[in-house]
Each structure stands twice: as structure tokens, then as C-alpha cells.
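Colleague: Per full-length UniProt numbering, residue 1 is the first one in the sequence shown, and the count goes up by one each step. All C-beta atoms in this analysis are idealised placements derived from N, C-alpha and C, irrespective of residue type, glycine included. I have a structure I would like to understand better, so I am pasting it below and will then ask my questions one at a time.
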Amino acid sequence: MGQRAETCAALASEVNALAATRRELVRHLAAGTVTLGCLAPLAALSRTEGRRVGEIAQRIRVDISVASRQITALEAAGLAERAADPRDRRSHVVRLTESGDRELRRLRAEVGAFTETTLTDWSLDEIEQLLTGIRRLRRTWEHALAAPATTDPA
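Printed below as a string of C-alpha cells:
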């Protein structure tokens, strides 16, 4: 394996470790309010008047059955509710309740405060460089995943 391949493998490993650490942080902050699996659909409902379950599943990249179970849990916790879809009264949309919006804002604020506190020895320039790199990596991976699969003619 060449140096570039080794470095890319190390990057992928660190991204996985970072994701695991973030899950642990959110689990700690959300203790007792929502399960970790429900946070993605909760966030997908923010700043919207509601989304269909299929739209939520697509947005958070899970099967519709998984999204449906997560939304049922959010409803049971009083953080989300179903309402008639104004575009098609036969369908329903899911939207945040006031409690759901409050809980999402609380979690985002606490994660932000934790991040700011733990990065006190980083310069603003270092934080901005990391943010730029992470955004670029995310866009690159999303683009690669959205591209049609190619087959090797060999």
C-alpha cells in the first residue's frame, strides 16, 4: 500500500472514530430524552413545516421502515406529531412539536458549547480549516455515493 492509500485509510479510520465519539457525546447529552437513533429524524424535521416519512428516510439515508420506527418513538416521546399533508389530505407529514424543537435546540447548543470548550487551545483559523476540510470530505463522499455505479469492463 502506498503512502496516499495508507493516509486515506487512516483518514477513514479517524472519521469512524470521530463518529463513534460524537455518538457517545450525544448519547450522554440526550440521556433520557431521546434515543441516539431518533436524533437524525429529529434534526431532519427542523426548519420545516413537516415531511413525509419517505422524505425523512431519504434525507437521513435509512430504509423507510427504520425511519417509521424512529418517528413512532419521537411521537411517543411527544417530540413529533403527524398531521394531514396540505398537498395531499390522504397522506400525512411529520413535524416537530414545541417540545421536539426545544429538545433539538438544547442538544445543538450543548454540543456546540462542548465543542467550543474543548477547542479552547485551537485558533479560530485552525477550527475554520478543519471545518472546511470536513465539509469538502462530506461533499466529495456524497457526490461519489450519488454517482451511478460503473462496471469494470475487464
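Between the C-alpha atoms of R139 and L131, what's the straight-line distance to the nearest angstrom?
Modeller: Cα-Cα distance, rounded: 12 Å.
Colleague: Whose CA, out of V34, A146, C38, G112, lies closest to the CA of S68?
Modeller: C38
Colleague: Using a threshold of 7 Å, state whether the C-beta atoms of L79 and S99 are closer than that.
Modeller: yes
Colleague: Shortest alpha-carbon distance to E103 belongs to which of E128, L119, E126, A77?
Modeller: A77
Colleague: What number of angstroms, rounded off, separates the C-alpha of A149 from the C-alpha of H143?
Modeller: When rounded, the distance between both Cα atoms is 12 Å.
Colleague: Suppose you measure from the CA of A19 to the CA of T35; what does that come to, to the nearest Å?
Modeller: 16 Å
Colleague: Assuming the contact rule is C-beta atoms closer than 8 Å, A44 and R59 should be a hit. Round their C-beta distance to whole Å, please.
Modeller: 5 Å
Colleague: Taking only the alpha-carbon atoms, compute the straight-line gap between V26 and D88 and give it to the nearest angstrom.
Modeller: 36 Å
Colleague: Just the Cα atoms here: how many angstroms apart are residue 155 and V94?
Modeller: Here the chain covers residues 1 to 154 and nothing more, so residue 155 does not appear.
Colleague: Under the rule that 16 or more other beta-carbon atoms within 10 Å means buried, what is I127, buried or exposed?
Modeller: exposed
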